[in-house]
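Engineer: Have a look at this one.
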Amino acid sequence: MNRIQKALGQNKKLLSLYFTAGYPAINDTMSILTQLQDSGVDMVEIGLPFSDPLADGPTIQASSTAALHNGMTTALLFEQLKDVRETIHIPLILMGYFNPMLQYGVEKFCAKCQEIGIDGIIMPDLPLAEYEADYKAIFEKHGLINVFLITPQTSDERIQQIDAASDGFIYMVSSASTTGAQSGFSNSTSDYFERIASMHLKSEQIVGFGISNEETFKAATKHQKGAIIGSAFIKHITENGTNSVAEFVKTIR
Amino acid sequence: MKETSIDSRLRGNENESYQANERGYYGDFGGAFIPEMLYPNVEELRSQYIQIMQEPSFQEEFKQLLKDYVGRPTPLYYAARFSKKYGTKIYLKREDLCHTGAHKVNNTIGQILMAKRLGKNRIIAETGAGQHGVATATVCALMGLECIVYMGAIDIERQAPNVARMKMLSATVRPAMSGSRTLKDATNEAIRDWINNPVDTHYIIGSVVGPHPYPDMVARFQSVISEETKKQLLEKEGRENPDYVVACVGGGSNAAGLYYHYLDEPEVGIIAVEAAGKGIDSGESAATSALGREGIIHGSKTLLMQTEDGQITEPYSISAGLDYPGVGPMHAHLFRSGRGEFISVNDADAMTAGLELSKLEGIIPAIETSHALAIFETRKFKKDDVVVINLSGRGDKDLNTFIEYFNL
Ligand SMILES: Cc1ncc(COP(=O)(O)O)c(C=O)c1O
């Protein structure tokens with residue numbers, strides 16, 4: 001069983017954090033991962049920076065630009081992670097955009113992930129149809145779980161298709177927006193959380209985008225299995241330095 | 254004569270055609286690589302665009318506006334002095350005479366009618382040179398719809414007259430501050446806006462780029478250019494088909510419009526002219542076919558300029574409208590298949606050609622268009638070849654650049 005599936009099987013709500021590899025400094029990757037694990041975080045999304053992150057708001061855009069400026073590349077990230085499984089045991093997901101993966105070579109990328117011990121991939125701009133037609137077999141061969149997104153606008157029919165195609169969890173985008181921290185959720189967001197829960201999908205759902213504090217974490221995990229925090233965490237380490245990871249996690253739960 | 258209007262032209266055998274197939278692929282290029290957040294919007298458009306375009310009421314309104322508002326058909330003008338200088342027969346398809354000064358308005362008229370039929374009341378667009386922004390602001394004023402145009406901060410400076418025009422037309426111009434602060438970044442911002450406003454907003458893309466169905470839809474709206482050219486050339490030369498069609502390629506919409514009805518006519522040579530900037534090997538260029546590799550930009554698999562690591566690089570051209578690191582998937586396919594001949598022209602040669610056309614023909618072209626005019630210095634044609642160039646826009650917006658460049 002893949003580490004993601006194991007984590008989803010636990011009888012608790014999952015807290016997952018996103019950070020951009022190569023930010024704030026090029027060699028922060030292992031230090032941030034270690035602190036996240038030590039703080040009791042259940043899962044991590046490691047962001048592979050991209051020059052044109054269409055689905056991201058200002059905070060993650062800025063961290064991506066800085067990371068690229070620092071010299072982060074796909075090859076360098078793999079190099080930094082080569083011994084990650086000697087110390088890190090929580091599930092690791094690579095999140096990025098499809099073009100860098102395509103240039104590295106999808107087969108080679110997936111093989112490298114397997115070698116390192118990466119459990120899953122989130123590529124927002126690799127849609128279901130393209131994935132199934134051309135890449136699914138490669139991901140599966142290397143034991144990688146591909147995570148699909150849904151939004152409040154996604155039709156029930158498409159949610160069913162995505163559920164059927166998912167082996168791990170469904171990434172529920174909290175509202176129609178790019179990434180970015182919000183202080184609270186609207187009524188319609190709560191309705192959406194409830195609506196999806198009542199569909200009784202086979203896949204667990206984890207909510208992302210707009211989670212920033214204890215309140216939004218609680219609201220997001222009322223009906224869903226877990227929540228992912230990105231922009232608020234990046235803001236925190238930007239303001240408080242890379243050694244302040246535990247401090248941030250404590251404010252969430 | 255063959256009936257060639259957008260409504261009647263059905264797709265031919267995919268394998269023999271240079272048109273998009275049903276999944277929006279031109280050969281290996283195209284598709285829709287979009288985040289799930291955009292899926293409902295793009296799917297709504299994809300599932301309806303052909304049907305809407307084929308409705309008689311749509312056709313009627315589209316044609317009426319092109320005629321009475323845009324001023325179509327635009328003339329096909331035999332440029333006698335320019336032809337004499339280069340020893341071949343050169344016709345100019347006068348898109349510069351369209352209302353707002355460029356071909357861009359053909360597409361925005363079509364898309365605003367589409368947006369209305371889809372029930373959208375808020376319009377967003379990206380713009381480079383400002384021509385597409387002006388053309389979008391114009392049709393929004395015409396229809397009384399809210400209009401927001403994203404424009405790179407650098408382009409806002411170098412295309413100031415167009416920024417003022419958009420404001421007069423009551424559009425909001427929002428500067429794109431990320432990346433190279435030019436067209437690519439303005440497009441990113443427009444896409445992010447669409448993600449944040451998925452219900453009431455239509456995104457009017459300005460070229461044959463972006464996810465399917467945009468490249469095909471924009472090409473169909475622009476195809477009026479070659480539809481007219483066929484008729485006009487028949488009158489003037491006794492044949493519908495020239496020996497060559499020539500256009501500059503930024504994203505490739507004016508080129509797609511001129512090529513459209515000639516794509517599957519093998520005797521017509523297709524020439525695409527890209528901006529070499531300060532030279533292909535200078536590191537400051539926008540010549541995608543020479544410098545690009547297959548990749549994904551703005552939701553489309555196409556040729557694009559990028560690093561080995563897959564980061565999209567920042568292009569450069571003196572002309573804001575050609576300053577884009579990719580090309581539309583139609584053009585990527587024309588390049589890879591060998592159907593199209595790709596030539597790149599640097600800043601200096603384009604500027605010289607623009608000045609030359611002004612002097613020889615009394616027509617001041619846009620700097621984008623000037624790139625296409627510059628090929629005759631190096632690309633030789635036979636004396637009785639008939640060459641049609643798309644005169645995609647007029648140079649008013651570029652006066653400051655011309656003044657500075659030539660110390661006028
Ligand atoms: C006059 C003119 N020609 C050409 C272009 C390039 O666009 P496309 O390649 O889509 O025709 C522009 C873009 O702004 C333009 O204003």
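From first to last, the protein sequence lines stand for chains A and B. Following my numbering, the numbering of the first sequence begins with 1 at its first residue and continues without gaps. Following my numbering, the numbering of the second sequence begins with 254 at its first residue and continues without gaps. We treat Cβ as the ideally placed atom computed from N, Cα and C, and that holds for glycine. Here the structure is a predicted model, which means the values were calculated and not measured.
1. Can you give the Cα-Cα distance for C501 (chain B) and A606 (chain B), rounded to whole angstroms?
2. On the CB-based measure, 16 or more other CB atoms within 10 Å of its CB, does K112 (chain A) come out buried or exposed?
3. Since I believe G581 (chain B) is in contact with S460 (chain B) (beta carbons under 8 Å), could you give me their beta-carbon distance rounded to a whole number of angstroms?
4. Quick check: the stretch 430-448 of chain B against the stretch 350-367 of chain B, are at least 3 beta-carbon pairs closer than 8 Å?
5. Can you list, in chain order, the residues of its chain whose CB lies under 7 Å from that of A443 (chain B), leaving out five sequence neighbours each side?
6. How long is the line joining the alpha carbons of Y569 (chain B) and S433 (chain B), rounded to whole angstroms?
7. Quick one: which chain B residues come within Cβ less than 7 Å of S177 (chain A)?
8. Within a Cβ cutoff of 7 Å, which residues of the same chain sit near S39 (chain A), ignoring the five residues on either side of it in sequence?
9. Below 7 Å on C-beta distance, what does S431 (chain B) contact in chain A?
10. Please name the residue, chosen from B:G386, B:I401, B:K437, B:T440, that lies closest to R418 (chain B) on a Cα-to-Cα basis.
11. Beta-carbon of A285 (chain B) versus every beta-carbon of chain A: anything under 8 Å?
12. CB of G280 (chain B) to nearest heavy atom of ligand 1: below 7 Å?
13. Below 8 Å on the Cβ atoms is my contact criterion, and I expect F311 (chain B) with R370 (chain B) to pass it. Report the Cβ-Cβ distance as a whole number of Å.
14. Can you find a C-beta in chain A that's less than 8 Å from the C-beta of A273 (chain B)?
15. CA-CA distance, F588 (chain B) and I620 (chain B)?
16. Leaving out five residues on either side along the sequence, give the residues of the same chain with a beta carbon under 8 Å from the beta carbon of L486 (chain B).
17. I want to see whether chain C comes within less than 8 Å of R445 (chain B), judged by CB atoms only; does it?
18. Using the rule of at least 16 other Cβ atoms within 10 Å of the residue's Cβ for burial, across every protein chain shown, is L68 (chain A) buried or exposed?
19. Excluding five sequence neighbours on each side, which residues of the same chain lie with their C-beta closer than 7 Å to the C-beta of A176 (chain A)?
20. Please state whether the Cβ-Cβ distance between F586 (chain B) and Y279 (chain B) is less than 8 Å.
21. How many angstroms separate the CA atom of H223 (chain A) from the CA atom of F109 (chain A)?
22. Beta strand (DSSP E) containing S16 (chain A): first to last residue?
23. Given this structure, state the Cα-to-Cα distance separating D119 (chain A) from M1 (chain A), to the nearest angstrom.
24. From B:D637, B:L626, B:G463, B:P618, pick the residue whose C-alpha is nearest to that of C351 (chain B); which is it?
25. Return helix, strand or coil for G381 (chain B), following the three-state DSSP convention.
26. What whole-angstrom Cβ distance do K346 (chain B) and L644 (chain B) have, given they're in contact under 8 Å?
27. Do you know offhand how far G180 (chain A)'s Cα is from G226 (chain A)'s?
28. Run the proximity test for T622 (chain B): is its beta-carbon closer than 7 Å to any non-hydrogen atom belonging to ligand 1?
29. The beta strand (DSSP E) that contains G593 (chain B), what's its start and end?
30. Would you list the residues sitting across from F169 (chain A) in a DSSP beta bridge?
31. I need the DSSP call for V521 (chain B), collapsed to helix, strand or coil.
32. Tell me whether Q304 (chain B) is buried or exposed, calling it buried when 16 or more other Cβ atoms sit within 10 Å of its Cβ.
33. Consider the C-beta atom of K437 (chain B) and the heavy atoms of ligand 1; say whether any pair is separated by less than 7 Å.
34. Tell me which residues share the same chain as S261 (chain B) and place their Cβ nearer than 8 Å to its Cβ, disregarding the 5 neighbours each side in the sequence.
35. Look up A406 (chain B) in the DSSP assignment and say whether it is helix, strand or coil.
36. For the structure I just gave you, are there three or more beta carbon pairs, one from the stretch 558-569 of chain B and one from the stretch 47-61 of chain A, closer than 8 Å?
Structural biologist: In brief:
1. Along the second sequence, read from residue 1 onward, the residue named residue 501 (chain B) stands at position 248. Along the second sequence, read from residue 1 onward, the residue named residue 606 (chain B) stands at position 353. Whole-angstrom Cα-Cα distance: 13 Å.
2. Position 112 of the first sequence holds residue 112 (chain A). Buried.
3. Looking up residue 460 (chain B) in the second sequence gives position 207. Looking up residue 581 (chain B) in the second sequence gives position 328. Contact holds; Cβ gap of about 6 Å.
4. no
5. Sequence index remark: in the second sequence, residue 443 (chain B) carries index 190 (1-based). The answer, listed in chain order, is I377, A378, E379, Y403, Y456.
6. Taking the second sequence and counting its residues from 1, the one referred to as residue 569 (chain B) is at position 316. Taking the second sequence and counting its residues from 1, the one referred to as residue 433 (chain B) is at position 180. A straight-line Cα-Cα distance of about 9 Å links Y569 (chain B) and S433 (chain B).
7. Your numbering for residue 177 (chain A) matches position 177 in the first sequence. Those are I448, N449, listed as they occur along chain B.
8. Position 39 of the first sequence, counting from 1, holds the residue named residue 39 (chain A). Taken in chain order, the residues that qualify are V245, A246, V249.
9. Walking along the second sequence from the start, residue 431 (chain B) turns up at place 178. Residues of chain A passing the Cβ test: Q61.
10. Residue mapping note: residue 418 (chain B) aligns to position 165 of the second sequence, counting from 1. It is B:G386 whose Cα lies nearest to the Cα of R418 (chain B).
11. As a working mapping, residue 285 (chain B) is identified with position 32 in the second sequence. Cβ-Cβ to chain A under 8 Å: yes for A285 (chain B).
12. Numbered from its first residue, the second sequence carries residue 280 (chain B) at position 27. No, ligand 1 has no heavy atom inside 7 Å of this Cβ.
13. If you number the second sequence from 1, residue 311 (chain B) lands on position 58. If you number the second sequence from 1, residue 370 (chain B) lands on position 117. Confirmed, about 7 Å.
14. Position 20 of the second sequence, counting from 1, holds the residue named residue 273 (chain B). Cβ-Cβ to chain A under 8 Å: no for A273 (chain B).
15. Reading the second sequence from its first residue, position 335 is the one you call residue 588 (chain B). Reading the second sequence from its first residue, position 367 is the one you call residue 620 (chain B). The alpha-carbon atoms of F588 (chain B) and I620 (chain B) are separated by roughly 23 Å.
16. Reading the second sequence from its first residue, position 233 is the one you call residue 486 (chain B). Cβ within range, chain order: L329, Y344, R492, E493, N494, P495, V639, V641.
17. Of the chains in the structure shown, none is chain C; the protein chains are A and B.
18. Position 68 of the first sequence, counting from 1, holds the residue named residue 68 (chain A). Buried, by the Cβ-count rule.
19. Here residue 176 (chain A) corresponds to residue number 176 of the first sequence, with the count starting at 1. Closer than 7 Å at the Cβ level, and outside the excluded window around A176 (chain A), lie T151, P152, Q153.
20. Position 333 of the second sequence, counting from 1, holds the residue named residue 586 (chain B). Position 26 of the second sequence, counting from 1, holds the residue named residue 279 (chain B). Phe is not the amino acid found at residue 586 (chain B); the sequence shown has His there. Going by C-beta atoms, H586 (chain B) is nearer than 8 Å to Y279 (chain B).
21. Position 223 of the first sequence holds residue 223 (chain A). Position 109 of the first sequence holds residue 109 (chain A). Taking the straight line joining both Cα atoms gives about 35 Å.
22. Position 16 of the first sequence, counting from 1, holds the residue named residue 16 (chain A). Note, S16 (chain A): beta strand (DSSP E), 14-20.
23. Looking up residue 119 (chain A) in the first sequence gives position 119. Looking up residue 1 (chain A) in the first sequence gives position 1. Whole-angstrom Cα-Cα distance: 10 Å.
24. Numbered from its first residue, the second sequence carries residue 351 (chain B) at position 98. The shortest Cα separation from C351 (chain B) among B:D637, B:L626, B:G463, B:P618 belongs to B:P618.
25. Locating residue 381 (chain B) in the second sequence gives position 128, where the first residue counts as 1. DSSP places G381 (chain B) in coil when its eight states are reduced to three.
26. Locating residue 346 (chain B) in the second sequence gives position 93, where the first residue counts as 1. Locating residue 644 (chain B) in the second sequence gives position 391, where the first residue counts as 1. K346 (chain B) to L644 (chain B), Cβ: 6 Å. Contact.
27. For this step, residue 180 (chain A) is matched to residue 180 along the first sequence. For this step, residue 226 (chain A) is matched to residue 226 along the first sequence. Going by the C-alpha atoms only, they are around 18 Å apart.
28. Indexing the second sequence from 1 puts residue 622 (chain B) at position 369. Flag set: Cβ of T622 (chain B) near ligand 1.
29. Here residue 593 (chain B) is taken as the residue at index 340 of the second sequence, counted from 1. Its beta strand (DSSP E) spans residues 593-599.
30. Looking up residue 169 (chain A) in the first sequence gives position 169. A:E204.
31. Looking up residue 521 (chain B) in the second sequence gives position 268. The answer is coil: DSSP assigns V521 (chain B) none of H, G, I, E or B.
32. Taking the second sequence and counting its residues from 1, the one referred to as residue 304 (chain B) is at position 51. The residue in question, Q304 (chain B), is exposed, as its Cβ has fewer than 16 Cβ neighbours within 10 Å.
33. What you label residue 437 (chain B) is simply residue 184 of the second sequence in a count that begins at 1. Every heavy atom of ligand 1 is 7 Å or more from the Cβ of K437 (chain B), so no.
34. Numbered from 1 along the second sequence, position 8 holds the residue referred to as residue 261 (chain B). Interpretation of S261 (chain B) is limited by its pLDDT of 34, a score under 50 that renders its predicted location unreliable; the figure taken from the coordinates is listed afterwards. Excluding residues within five positions, none has a Cβ falling inside 8 Å.
35. Residue numbering aside, residue 406 (chain B) sits at position 153 when the second sequence is read from its first letter. Note: A406 (chain B) maps to helix in three-state DSSP.
36. Contact holds between the stretch 558-569 of chain B and the stretch 47-61 of chain A, because three or more Cβ pairs, one in each stretch, are under 8 Å apart.
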